[in-house]
Amino acid sequence: MFSGTSRRRESVTDQIKHLILTEGLRPGDLMPTEAEICARLEVSRSSVREAMRTLAALDIVEVRHGHGTYVGQLSLAPLVEGLVFRGVVDQDDSVAALREVVEVREALDLAMAEQIVAALDGAHDPELERLVAEMTTKAARGEAFAAEDLAFHTRLLGYLDNALVGQLVAAFWEVNTVVYPMLGLAPAEDIVDTARAHGAMLEAAASGDAARYRRAVIEHYLPLRRALDKAAARR
C-alpha cells in the first residue's frame, strides 16, 4: 500500500490516517490491531502508540481499553478546545479574541442566508416557534437562554444539506458561551433584542425574504457586540 519512499517521508500519524481512508473505515468502525498496523506499516509499536495518542487527541481515533481502537467521531472538539484556550490564555487580548469568534459566527450565518431562506420558505416549524417563544419569555424575565439559543441555530441549520456548517456554528457558539463567563464579562444588557431578533429571523426565512433575514442576523449579534465593546473599553 505504501512504497518505501513514502513510508520514510510520511509520519506514522499520516500513515495511519491513510490506512483509515484506504480501508474505507467510518466513525465507529474497529481499527486493525496494533500488531497488524505495525506489520503493515513496518514501524515499531512505540511509534504506533505515540501516533494513536496524537490521533485520539484529534478525535480521529478512539481508544477503548479492553475493546480495541475505533475510528473516532471526527468532531470539532479539538478546535473548540484550542479556541477556548486562545480566548483565555492572554487576558490582555481576550476580548479581541472573543470578538473574532463572534464575527466568524455572524459571517457564517450571513453566508448561509440564501440557503436557509430557500429551505424554510413557506415552512411551519412548531419547534422553532416554541424556542423563540421560550427565549422571549426568559428575556422578559431577565434570564439567559443559552440552551434555547443553541437549539434554535442547530435546528435552523439542520434544514441545510451541509453538516459542516452546522458543526462550525455549534463549535463557535460553544467557544463563545464557555469563554464569555470565564473572562468575567457582564451579560448583554439588551437580551430582549436578541430574543426578538431570533423571531425576526424565523419569520423572514418562512416568508422567503433573504434581505430581511440578513438584517435580523445582524440585529441578533448587536447586543453581544455592544457588550464586548463595553468590556474592551473598560480594559
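The working numbering applies: residue 269 is where the sequence shown begins, and numbers increase by one. Every residue gets a Cβ at the ideal spot worked out from N, C-alpha and C, and that includes glycine.
- If you compare the alpha carbons of R373, G390, A463, V400 with that of Q435, the shortest gap goes to R373.
- Secondary structure of G336 (DSSP, three-state): strand.
- V331 is bridged by DSSP to T337.
- In the structure shown, the three-state DSSP call for L293 is coil.
- Inter-segment contact for the region 419-436 and the region 477-493 is absent: fewer than three beta-carbon pairs are separated by less than 8 Å.
- Within the same chain, Cβ atoms closer than 6 Å to the Cβ of A468 are found at A484, the five residues on either side in sequence being excluded.
- When the alpha-carbon of F420 is set against those of L428, E349, D429, M403, the nearest one is in M403.
- Judged by their CB atoms, V443 and V370 are not nearer to each other than the 7 Å cut-off.
- In this structure, E416 lies away from A478, with their beta-carbon atoms at least 7 Å apart.
- By the Cβ test, the region 294-307 is in contact with the region 332-348, since at least three Cβ pairs between them sit closer than 8 Å.
- Linking D429 to R294 through their CA atoms gives a straight-line distance of about 20 Å.
- Less than 7 Å divides the Cβ of R367 from the Cβ of L496.
- Cα atoms of S279 and T322: separation of roughly 11 Å, rounded to the nearest angstrom.
- If you draw a 10 Å sphere on the C-beta of T290, you find fewer than 16 other C-beta atoms in it, and that means exposed.
- Boundaries of the alpha helix (DSSP H) around M320: 313-325.
- In the DSSP assignment, L298 is bridged to Y338.
- Annotation: A379 to G410 spans about 31 Å, alpha carbon to alpha carbon.
- Taking a 10 Å sphere around the C-beta of T405, we find fewer than 16 other C-beta atoms and assign the residue as exposed.
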